[in-house]
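Just below is one structure, and these are the notes that go with it.
There are 4 protein chains.
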Amino acid sequence: MRLDETAAGLFPIAVTPFAPDGAIDWASVDSMTDFYLKAGATGLTILGIMGEAPKLDLDESLEVVARVCARAKGVPVVVGVSAPGFAAMRALAQGAMTRGAAGVMIAPPNTLRTDDQIVGYFAQAVEAIGADIPWVLQDYPLTLSVVMTPSVIRRVVEAHRSCVMLKHEDWPGLEKISTLRAWSHEGAMRRVSILTGNGALFLDFEMERGADGAMTGYAFPDMLADVVRLSRAGEREAAHDLFDAHLPLIRYEQQQGVGLAVRKYVLMKRGAIASDAQRKPASALSAKAKAEVDHLLARLAKKDKRAAL
Amino acid sequence: MRLDETAAGLFPIAVTPFAPDGAIDWASVDSMTDFYLKAGATGLTILGIMGEAPKLDLDESLEVVARVCARAKGVPVVVGVSAPGFAAMRALAQGAMTRGAAGVMIAPPNTLRTDDQIVGYFAQAVEAIGADIPWVLQDYPLTLSVVMTPSVIRRVVEAHRSCVMLKHEDWPGLEKISTLRAWSHEGAMRRVSILTGNGALFLDFEMERGADGAMTGYAFPDMLADVVRLSRAGEREAAHDLFDAHLPLIRYEQQQGVGLAVRKYVLMKRGAIASDAQRKPASALSAKAKAEVDHLLARLAKKDKRAAL
Amino acid sequence: MRLDETAAGLFPIAVTPFAPDGAIDWASVDSMTDFYLKAGATGLTILGIMGEAPKLDLDESLEVVARVCARAKGVPVVVGVSAPGFAAMRALAQGAMTRGAAGVMIAPPNTLRTDDQIVGYFAQAVEAIGADIPWVLQDYPLTLSVVMTPSVIRRVVEAHRSCVMLKHEDWPGLEKISTLRAWSHEGAMRRVSILTGNGALFLDFEMERGADGAMTGYAFPDMLADVVRLSRAGEREAAHDLFDAHLPLIRYEQQQGVGLAVRKYVLMKRGAIASDAQRKPASALSAKAKAEVDHLLARLAKKDKRAAL
Amino acid sequence: MRLDETAAGLFPIAVTPFAPDGAIDWASVDSMTDFYLKAGATGLTILGIMGEAPKLDLDESLEVVARVCARAKGVPVVVGVSAPGFAAMRALAQGAMTRGAAGVMIAPPNTLRTDDQIVGYFAQAVEAIGADIPWVLQDYPLTLSVVMTPSVIRRVVEAHRSCVMLKHEDWPGLEKISTLRAWSHEGAMRRVSILTGNGALFLDFEMERGADGAMTGYAFPDMLADVVRLSRAGEREAAHDLFDAHLPLIRYEQQQGVGLAVRKYVLMKRGAIASDAQRKPASALSAKAKAEVDHLLARLAKKDKRAAL
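Chains as they are written, first to last, in the working numbering: chain C, 52 to 360; chain Z, 52 to 360; chain X, 52 to 360; chain S, 52 to 360.
This is the structure:
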């Protein structure tokens, strides 16, 4: 199975489950995979920024890829391979494909500035991993400090047939989605899949602007799948109602640094993983923060029973 | 009237009203001031980042200060005086105080990196404007790229008696509020007022962590005043209910760049200002974006009649 | 007199002379102007980054412009007008032209990232100051963090007839000069004047790549004028010999932050200004640093008598 | 052999030799090692920023370490292990020590801002690699965007006994050396070795301020060793004379991006390596740039015969 431009729906950004001692919790890797699939995932994204990928060495990373791909039979798995050097990127990308991945995801390094630097970087990346590996272009200026105009994205997409998806998490980015979609509609740009990130903070409108789905790790992937489904079915108010109910928690989880701790805490409460431990260096929730998350869950449970934990 | 450490409640970040031709709309300056006061503002903040301050020359800036101060009788007015050079900062700060301002607000330039650079910068700023002008320390890393630890804030506060308020808009920043409040409680740091920004995206929990109120420009300042009041009165669920109803729009308005256009558009619809024009260079709302805001208002109106416009 | 594309030779970046108490030292403004002209300057640049411009308020800035223009009869004066807002930029640019300036210089703000943002910024700047004011595009990524490819520079130059000069201080930038010159030679780009900065650290080769001269403030402008003259006369080895003799001091003066203190110290020793004082906030030379500069001057004096002070 | 605080002299930043097809040129690894040792190196630094380390995968990196350590019998080898994640850093650091390295070098990631973030990062790094591996703290703000005050360096040094050396390449940084040396002299800070980088652009004065030697990769390491030796012997003018003769080329090689191409070109001409090829993505010298380097070498040869190639 290979990722292509028709990808749609929900590709959750998976966490990497650890035991409290820092070892990878393989049983939780399995249960988490099952959890995402049951939630309605049409794909999976692993070893992303929120997957604590830099804390794994290459062998561990490849073992995670193999385990998830084996478990997620029939569902495409995208593997984050961003790295400061092309040697590490190639080793991980090729190793991941061998182990069953459907494609890889590449983010630009935060030192890029000009349009040409960005376009040139992705050309080098494609040369490094090979033009036959489908890949996702990650556009995430808030964290990566690299700003890509629609024109730059088009240049990259047009230059590389193997670029099949945009992970869109520009902020604000609604107009960007509209621009890219209009170009594809007019024949001015090859159509690629657009899945959106940003912790789902704008998922309601991103879908209405033309996104094909979500690629983010909010701890209620089942809600994300529902919003994507409702929105694609044209049930606009129902989609907003569900989304709005979750927005207070989505917003809370979207805090940089703290967000992963919130996400793992809720996933643990939901039974997806056994422990909310992060491998060192780890961020942790204070007692006050945990109480705030519990409070948000209790309030949410009044509108969505899945939050009654 | 001079700003001091007891400031609390709502100090809206005021927009600067322009006519479509770019001239300052003085009638709207008045109506906007009245609007904020009627909404429950206990103070006003003008010429901030969202007040298009860099588009005004010094004479215009001082005229705005004079006009607002004259209109807002009895309510303290804080004036943003951040500038790349201390000559401009001093001219604006001293001119503002002469015209009735209660204090000024200073943000650090985005080139500062080390703790000592930050502390040193504010020492230079205080020397430039004079130690007798009360001032607000603006902590806004998302936009300014300057990261201040609680320790650095304490060093600044302890060094300058005239620093009477922290405009807190670190993100995430809940633990920072808790830390600063704990220090003041233990006597380890002089207590200053803490008002929070970030477009109110975390106002619900910021109040619970110990903030004294809000200093932000969301287009429903009356709601902000209500949330602050309810939270201080201990009516926690009522505060969250009201806040959550507005969160979809708060979130939408919080988009960098587009946010001001949204804010002015809603303020215009509410009658606070005559036009949503920005002076050049201006951001504008697309037709789709306007429709999205209208949709959000319509949905909000079901829960808060003030949004029925 | 108006700046145009034929500008060449030496346009020193002038310091702003202050008395030890921080007042502008008007006598030294005159003596400094005379010094630069006597050194062979074909133009002057004032209120640049190294001219402590942000420490002057608007009235002071305009008074400096008037004084220098009056003194420098027959020689074009370029005025730095970079500002965070277009209101301040317009006020200074138009005020400067009224007082006799030949043109202005504009640097991009350090928040710009994409090619389109850069091109758009200069379009807004030209609209703000008026399309009739000749201006210099400053390309200084090391300090400004804005990276402009040759293509972006061409887009700006082609869009604005009033852009007549590039102040080139990219580093490394030799290939950029060659590219721009080749384009002009082929008719692919309007030819503008290129003067180079970077404290003259690469002046020897910049001239050989096609620069028209120097726009920098090294404390021996007479040497800069000589190198420009020798290089244009084809006396390559003589140009390098003179340049190399000064390189140890050029390199020392090129240190960020300390550089201005070195420059003013040497200019004071040479009699160009009465005091090396900077207006606050000031950088200062330690005793060790002064001894190092004195040592460099003593060594230089063996090869260039002008350094025997 | 383990690196310790007494390290001094010259630790060249070694290039990584490649064949034109991108394969590691093992014969040149040997000849380059011999070349550095013959030039007077008292240590070697490999896999640094200028060593194209990110282009090597882990196995290749460890093979380079083993080869150089075996060849450089009796001379300590420092291995750059900077990485975006601690898993990769640990794997390389521990693998390098097993293969004979004397210590490792760690640079901070460019996302660090506050003093506490920097101190915390190195604590995490030491925990990751183990407290028994001697390491070099790299302070290189120009490239890394992380600014460390002397106080922060002291905090790191005091917290970790295994930190035995500072690679100093702050710019300007002369006062920093003086401050750190004064603190050690007064007993206010444990004395560590200070070797300086920055392409040797300030080596003359860095030695006089108290540096123990050079850690940089200028293509004439024999000259660096001479300057270090002359300076330590108190032969000040002789040190400056030799240094000044090389300064035009040092300056040319110091250009970011182009610098490595210049360095490899000269090393190839000197016979240290067989090819100046870089592994992709590579920077290359234009014909004009090569001619400029040749010109600089020809001029240098008049004063230092080692440049007659």
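For glycine and all other residues, C-beta sits at the position ideal for the given N, C-alpha and C.
About 5 Å separates the Cβ atoms of Ala312(Z) and Ser334(Z), confirming a contact at the 8 Å cut-off. With respect to Ala270(X), Leu281(X) sits apart: the two C-beta atoms are not nearer than 7 Å. Contact of Thr200(X) with chain C is assigned, a C-beta pair being separated by under 7 Å. One thing to note: Val197(X) has its Cβ no nearer than 7 Å to the Cβ of Leu252(X). Taking 7 Å as the CB threshold, Arg206(Z) stays off the interface with chain S. A direct Cα-Cα distance of roughly 20 Å separates Gly322(Z) from Tyr303(Z). Taking a contact as a CB-CB distance under 8 Å, the pair Thr247(Z) and Glu220(Z) counts as one, their CB atoms being some 7 Å apart. Within chain X, the residues placing a beta-carbon under 8 Å from that of Glu178(Z) are Lys331, ordered along the chain.
Taking the C-beta atoms as reference points, Gly268(C) is found nearer than 7 Å to Ile64(C). Under the Cβ distance rule, Asp167(Z) counts among the residues neighbouring chain S, one pair being separated by less than 7 Å. Closest in alpha carbon position to Leu300(Z), among Gly308(Z), Arg287(Z), Arg314(Z), His291(Z), is Arg314(Z). A Cβ of chain Z is located within less than 7 Å of the beta carbon of Gly136(X). Going by C-alpha positions, Tyr87(X) is about 8 Å away from Leu95(X). Taking 9 Å as the Cβ-Cβ cut-off, the region 143-160 of chain Z has no residue approaching chain S.
Collapsing the DSSP output to three states places Lys218(Z) in a strand. Shown in chain order are the members of the region 310-340 of chain S whose Cβ falls below 9 Å from a Cβ of chain X: Gly310, Ser337, Lys339, Ala340. In the structure shown, Gly310(S) falls within a helical segment according to DSSP collapsed to helix, strand and coil.
For Lys320(X), same chain residues with a beta-carbon under 6 Å away, outside a window of 5 residues either side, are Leu360 in chain order. Taking a cut-off of 8 Å for Cβ pairs, the region 166-173 of chain Z and the region 140-149 of chain Z do not touch, as fewer than three such pairs fall below it. Between Asp166(S) and Thr165(Z) the beta-carbon gap is near 6 Å, inside 8 Å, which marks them as a contact. Asp295(X) belongs to the set of residues whose beta carbon lies under 7 Å from a beta carbon in chain S.
Under the rule that a run must span 4 or more residues, the alpha helix (DSSP H) segments found entirely inside the region 115-186 of chain X read 137-149, 166-180. At least one CB atom of chain S sits nearer than 7 Å to the CB of Gln175(C). When C-alpha distances from Val317(C) are compared across Gly181(C), Leu351(C), Leu254(C), the shortest belongs to Leu351(C). DSSP places Leu54(X) in no beta strand (DSSP E); its state is neither H nor E. Membership of Leu252(Z) in any beta strand (DSSP E) is not indicated, and neither H nor E is assigned to it by DSSP. In the structure shown, Leu98(X) falls within a coil segment according to DSSP collapsed to helix, strand and coil. Residue-level contact by beta carbon holds for Pro105(C) and chain S, with a gap shorter than 7 Å. Setting aside the 5 residues that flank it on each side, Arg118(Z) is surrounded in the same chain by Val80, each with a C-beta closer than 6 Å to its C-beta; the list follows chain order. Residue environment: His236(X) is assigned as exposed (fewer than 16 neighbouring CB atoms within 10 Å of its CB, all protein chains considered).
Only buried fits Pro68(X), as 16 or more other CB atoms lie within 10 angstroms of its CB. With a threshold of 16 other beta carbon atoms within 10 Å, Trp77(C) falls short and is exposed.
Around Val203(S), the same chain offers Asp166, Ile169, Val170 as residues with beta carbons nearer than 8 Å, after the five sequence neighbours per side are excluded.
Residue contact with chain X for Leu298(S): present (Cβ-Cβ distance below 7 Å to some residue of chain X). A direct Cα-Cα distance of roughly 10 Å separates His211(X) from Glu178(X). Judged by their CB atoms, Met216(C) and Ala104(C) are not nearer to each other than the 7 Å cut-off.
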